[in-house]
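Just below is one structure, and these are the notes that go with it.
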Amino acid sequence: MALQKRFQVSHGDVFPMGAFMKGSVEPVSDFDVPVRPDGSRPQQVDKDSGLPLWQVTVLDADDQASRRDTAVSVKIAAQFQPVPPDNTSGTPWRPVEFVGLTALAYVDDSGSRPRVAWSFRADNLVAPGEAKKAATTSAGSASSGPRAA
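The numbers in the UniProt record's numbering rise by one with no breaks, and the one at position 102 of the sequence shown is 102.
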């Protein structure tokens, strides 16, 4: 059986030694649509939810991660730009944890030989240890009506 859709993964399975956000939350440009008259590109939207896509660059703190996999991009579908947690680490990189993380495998044939690569999406990003609280809040909100993003 082949998995052809995204599947749920835990933050700890993908980032067992932690993840650090580098830079800021940025809109994902849509390269499949024409450029606007002013030369800018529209923001890409999630095909399932219709929400705008945002992305963050994440440094994987796992020493066993390959050089190519040390920095990965995680996309977040949200109506408004997600606000990252405060940086209390004393480093330039902000420790984060992802809520509702999903993965999709694909073949990356841009190098000298093809390899399996991963595309990650999340519902939100929070401070480490806050994901369970955020997931409980989201589950409670989902049962009581539409969820604010």
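Virtual Cβ for every residue (Gly too), placed ideally from N, Cα, C.
As assigned by DSSP and simplified to three states, the class of residue i
i, result
"SER141", "In this predicted model, SER141 has a pLDDT of only 43, less than 50, meaning its place in the structure is not dependable; the value taken from the coordinates is given anyway. Of the three classes helix, strand and coil, the one that applies to SER141 here is helix, per DSSP."
"ARG147", "Bear in mind that a pLDDT of 36 at ARG147, under 50, signals an unreliable position, so the model cannot answer this."
"LYS132", "helix"
"ARG36", "coil"
"ARG67", "helix"
"ARG113", "coil"
"LYS5", "coil"
Residue closest to residue i, alpha-carbon to alpha-carbon, out of the options
i, options, result
"VAL45", "ALA117, GLN81, ARG94", "GLN81"
"VAL58", "VAL72, ASP48, ALA122", "VAL72"
"ARG41", "SER49, ASP48, LYS47, ASP32", "ASP32"
"GLN43", "LEU53, PRO34, GLY12", "LEU53"
"VAL96", "PRO85, ALA103, PRO34", "PRO85"
"GLY39", "SER29, ASP48, LYS47", "SER29"
Residue j beta carbon less than 7 Å from that of residue i
i, j, result
"ALA78", "LEU51", "yes"
"MET21", "ASP62", "no"
Extent of the continuous alpha helix (DSSP H) to which residue i belongs
i, result
"GLY12", "11 to 14"
Endpoints, the beta strand (DSSP E) within which residue i is located
i, result
"THR57", "53 to 60"
Beta-bridge partners of residue i, as assigned by DSSP
i, result
"SER29", "GLN43"
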